[in-house]
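Following our numbering, the numbering of the sequence shown begins with -8 at its first residue and continues without gaps. Cβ atoms here follow ideal geometry from the backbone N, Cα and C, with glycine treated the same way. In this text the structure is predicted, and so the values were computed from the model without any measurement. Below is one structure, written out as structure tokens; the observations come after it.
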Amino acid sequence: MAPFATLADPGDCLNVDGTTAFHVHGPRVVPTNTEFFLIHERPVEHSFHPQLPPNVLWGYDGSIPGPTFIARSGTPQLVRFVNDLPENDPVGIGEPISAIHRHGGFQAPEDDGYPLDTFCTGQSRDYFYPNRPDAGLLQSEHSTSWYHDHAIDITAVNVYRGLAGFYLYKNSLDTMNELDPPPALGLPSGEFDIGLVIQDKLFDANGFLVFDSFDHNGFLGDKFLVNGIIQPFLRVARRKYRFRILNGSNARVYQLFLSNGQPFVAIATDSNLLEHPVTVKSFVLSPAERVEVILDFSRSSLGDEIFLVNRLEQDDGRKPAGLVSPGTPLLKFVVSRDAADPSRVPDTLLPVTQGPRELLPQVEVERTFKFERSDGAWVINGDFFDENRISAKPRLGRPEIWTFESGGGWVHPVHVHLSEFFVLSRDGEAPPVLERGRKETVLVGGDFNREVKILIRFQEFLGRYVFHCHNIEHEDMRMMAQFETQP
Ligand SMILES: [Cu+2]
């Protein structure tokens, strides 16, 4: 990433269907403390595994996964993404048309990667990220989000080709320096703070990437990647680590375990730290969800090998088939040295001051959204995505209850842009322990249940945003709708 020197080059950008981008912005005024970045989307030769030939992927700045951004709360960032993707691509996976969504990000509608705000080969678009919490609330400070392509109808294939990366945040509590004294949390930092994006991909007999654009149910691979590498290893020290685990797969749901039976200490779900750490033996991770965990290798012996394992089997886009044993190892930790460990994991991480107790009495509006199959594609409340339809007009500052329902036994990881929500219930029952923090993506349907109720409140930014299934084959086949926030 390099800073750029020139001002924005505004201009219309054509969408896939030849229309003009919905949100067009000209040169803009930004605060003087704004940090600037320039990222080129371009082809890159990538090695998934020493035994496979190099594959040409598309990467942000030619990096797989993309460069990791680190935002400081209070310091805005302006990122110019330049589309240097080839108009005539010999591989045939992906379309050189982009819209970039910072998933979990709190940003204005024109900077949200609205799916019709696309830019094409030879064009660029600037995204302004305010990097401050929604309504100034400490509980809305973010830790781990990610950015990925979100162009209308082609998100799945473009993400599959490589267009995804981490976007991390630091703030007064989560300073990303374990040596900082309280109130800084002192979570493991530096080389002991590692993002892990898990993906599945399919290869042909010659070792080249395969994608089926006609699989609208959810594309699954048979090889498992962590940070772009098939089943890699990581040498670790005998101390605590922070792992930010992201499901970057198109359609696969994972349930992660450690091979030695050691539990995970979960500290965050999706974009936000939890109020308190939670110890779990395993956790489910559906597409786009994040869970951050602390793993402590201090009781391991030098030479120990511990695997991060997926035990949830899935054969099609409908739903996971169930737990198997021993499952598939995704990542091997090799305990190989000692290291000092000044890091801490406090009992209180990110306090919630405005939760269901405070907000439920204020609810006046409830909405229901049914996620179903229709004509081989996907609808919400019976409708395919239509940019001219507004499905909800929530008023800023007014909490609402939204009910997500799934029909036909399919699972849909439902993602709402702009704000996090609280999961109130699953089929009327209290949500599992890892869904009691703040979330912006929640798995609905299949064996998990039929109905999820959430409590959501939008506080800032007027305009149109989307919500959709994050099985991105479903999303591309129109399982997306939009809300428009009102004063
Ligand atoms: Cu879906």
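query                                                                                                                                                                              : result
Restricting to runs no shorter than 3 residues, where is the beta strand (DSSP E) found entirely within the region 316 to 364?                                                     : none
Report the rounded CA-to-CA distance for A(-7) versus F205, giving the unit in angstroms.                                                                                          : Here A(-7) scores only 33 on pLDDT, less than 50, and its place in the model is too uncertain to base an answer on.
Does the region 452 to 459 come within contact of the region 93 to 101, defined as at least 3 CB pairs closer than 8 Å?                                                            : yes
Look at the alpha carbon of M468 and the alpha carbon of L264, and state the distance between them as a whole number of angstroms.                                                 : 33 Å
Could you name each continuous alpha helix (DSSP H) segment of 4 residues or more that falls completely within the region 94 to 180, going from the start of the chain to the end? : 146 to 151
Ignoring anything shorter than 3 residues or poking outside the region 189 to 218, list the beta strand (DSSP E) runs there in chain order.                                        : 214 to 217
Is it the case that the CB of M468 approaches a heavy atom of ligand 3 more closely than 6 Å?                                                                                      : With respect to ligand 3, the structure offers nothing, as its ligand set consists of ligand 1.
So what does P34 bridge to, in DSSP terms?                                                                                                                                         : W49
Where DSSP assigns a beta bridge to A62, which residues make up the other side?                                                                                                    : Y160
Using CA coordinates, which residue listed in L299, Q130 and N197 is at the minimum distance from F215?                                                                            : L299
Taking D338 as the reference, which of I371, P173, N238 and S180 has the closest Cα?                                                                                               : P173
Skipping 5 residues on each side, what residues in its chain have a beta carbon closer than 6 Å to that of E475?                                                                   : I381, K384 and R455
What does the alpha-carbon distance come out to for the pair E296 and I236?                                                                                                        : 19 Å
Between the region 272 to 289 and the region 238 to 258, can you find at least three pairs of beta-carbon atoms closer than 8 Å?                                                   : yes
Assign D366 to buried or exposed, taking buried as 16 or more other Cβ atoms, counted over all protein chains shown, within 10 Å of its Cβ.                                        : exposed
Look up H406 in the DSSP assignment and say whether it is helix, strand or coil.                                                                                                   : strand
Under the rule that 16 or more other beta-carbon atoms within 10 Å means buried, what is E466, buried or exposed?                                                                  : buried
Cβ of H14 versus every heavy atom of ligand 1: is any distance shorter than 6 Å?                                                                                                   : no
Could you check if H403 belongs to the surroundings of ligand 1, using beta carbon to heavy atom distance under 6 Å?                                                               : yes
In the DSSP assignment, find the unbroken beta strand (DSSP E) run with H465 in it and report its ends.                                                                            : Taken as a continuous stretch (DSSP letters only), H465 belongs to no beta strand (DSSP E), being part of the alpha helix (DSSP H) at I463 to D467.
Specify, as a first and last residue, the run of the beta strand (DSSP E) that F288 falls within.                                                                                  : No beta strand (DSSP E) contains F288, which DSSP labels as neither H nor E.
Along the chain, where does the beta strand (DSSP E) that runs through P268 open and close?                                                                                        : N263 to V271
Closer than 7 Å by C-beta to V201: which residues in its own chain qualify, once you throw out the five before and the five after it? Chain order, please.                         : L193, F194 and D195
Taking just the CA atoms, how far does E396 sit from L340?                                                                                                                         : 32 Å
For W393 and T25, I'd like the C-alpha separation in whole angstroms.                                                                                                              : 35 Å
Quick test of your reading: D184 and R233, contact by CB under 8 Å. State the CB separation rounded to the nearest angstrom.                                                       : 4 Å
With a threshold of 6 Å, establish whether the CB of N208 neighbours any heavy atom of ligand 1.                                                                                   : no
To the nearest angstrom, report how far apart V354 and F413 are at their CA atoms.                                                                                                 : 13 Å
Could you pull the start and end residues of the beta strand (DSSP E) that H459 belongs to?                                                                                        : G454 to C460
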